[in-house]
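Chemist: Residue numbers (the working numbering): 215 to 364. Where a beta carbon is used, it is the ideal one built from N, C-alpha and C, also for glycine. Predicted, not measured: the structure shown is a model, and the values here were computed from it.
(1) Does DSSP put residue 362 in a helix, in a strand, or in coil?
(2) In whole angstroms, what is the alpha-carbon distance linking residue 308 and residue 292?
(3) Among 322, 316, 318, 253, which has the Cα closest to the Cα of residue 229?
(4) Within the segment 248-336, note down every full beta strand (DSSP E) run reaching 3 residues or more, in order along the chain.
(5) Would you report the Cα separation of residue 251 and residue 314, rounded to the nearest angstrom?
(6) Nearest-angstrom Cα distance between residue 241 and residue 344?
(7) In the DSSP output, what is residue 216 paired with across the bridge?
(8) What does residue 231 pair with, by DSSP beta-bridge criteria?
(9) Is residue 302 a contact residue of the ligand PLP, with contact defined as CB to any heavy atom under 7 angstroms?
(10) Is the segment 215-224 touching the segment 327-334, taking contact as three or more C-beta pairs under 8 angstroms?
(11) Determine the direct distance from the alpha carbon of residue 224 to that of residue 270, and round the result to whole angstroms.
(12) Below 7 angstroms CB to CB, which residues in the same chain sit around residue 304 once its five sequence neighbours on both sides are set aside?
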């Protein structure tokens with residue numbers, strides 16, 4: 215997380231910005247950066263990936279990492295999508311159907327012409343491992359004592 219906050223600091227310094235926004239694991243980074251970087255005056259997050267009191271099922275993570283290690287990106291993406299509950303459609307779709315559909319999508323997307331430097335979805339899938347590890351480190355295991363001012 216320290217490295218991510220260093221990156222945020224570099225962006226703020228380079229742009230002169232004083233506000234940050236983050237989604238999912240980016241939300242965690244934005245929150246941590248706001249705690250540690252005085253330059254941040256405003257922060258907005260959407261669905262920060264925080265597991266409060268074990269609310270996120272993490273049983274799928276070993277399978278996800280194994281599939282990534284084996285280079286089975288469509289299978290890993292299916293495991294990740296189902297694991298985080300990304301959409302109702304993929305939640306209810308059986309794996310035997312979802313994995314080939316994602317594989318076809320990744321192949322099609324790989325062939326698509328894109329501007330120089332634009333990443334393929336396929337190249338981004340392994341980066342989800344970093345999101346997962348970051349979220350696991352930030353899990354909240356116990357409730358804090360209630361604040362009397364609330």
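Modeler: In short:
(1) Locating residue 362 in the chain shown gives position 148, where the first residue counts as 1. Residue placement at residue 362 is flagged as unreliable, the pLDDT there being 47, under the threshold of 50; the coordinate-derived value follows with that caveat. Per DSSP, reduced to three states, the secondary structure at residue 362 is coil, with no helix or strand assignment.
(2) Within the chain shown, numbered from 1, the residue matching residue 308 stands at position 94. Within the chain shown, numbered from 1, the residue matching residue 292 stands at position 78. Those two C-alpha atoms are separated by around 10 angstroms.
(3) Counted from its first residue, the chain shown places residue 229 at position 15. Here the closest residue by C-alpha is 253.
(4) Annotation: the segment 248-336 contains the following complete segments of the beta strand (DSSP E) (minimum length 3 residues), in chain order: 256-260.
(5) Walking along the chain shown from the start, residue 251 turns up at place 37. Walking along the chain shown from the start, residue 314 turns up at place 100. Using only the alpha carbons, I get a separation of about 44 angstroms.
(6) As a working mapping, residue 241 is identified with position 27 in the chain shown. As a working mapping, residue 344 is identified with position 130 in the chain shown. Between residue 241 and residue 344, the C-alpha separation is close to 14 angstroms.
(7) Residue mapping note: residue 216 aligns to position 2 of the chain shown, counting from 1. Residue 216 pairs with nothing; no bridge assigned.
(8) Counted from its first residue, the chain shown places residue 231 at position 17. According to DSSP, which records beta bridges pairwise, residue 231 is partnered with nothing at all.
(9) This structure does not include the ligand PLP; it has no bound ligands of any sort.
(10) Two segments are said to touch when three or more pairs of C-beta atoms, one from each, lie closer than 8 angstroms; by this definition the segment 215-224 does not touch the segment 327-334.
(11) For this step, residue 270 is matched to residue 56 along the chain shown. For this step, residue 224 is matched to residue 10 along the chain shown. Distance between the alpha carbons of residue 270 and residue 224: 32 angstroms.
(12) Here the question's residue 304 lines up with position 90 in the chain shown. Within the same chain, residue 304 has close Cβ partners 295, 296, 312.
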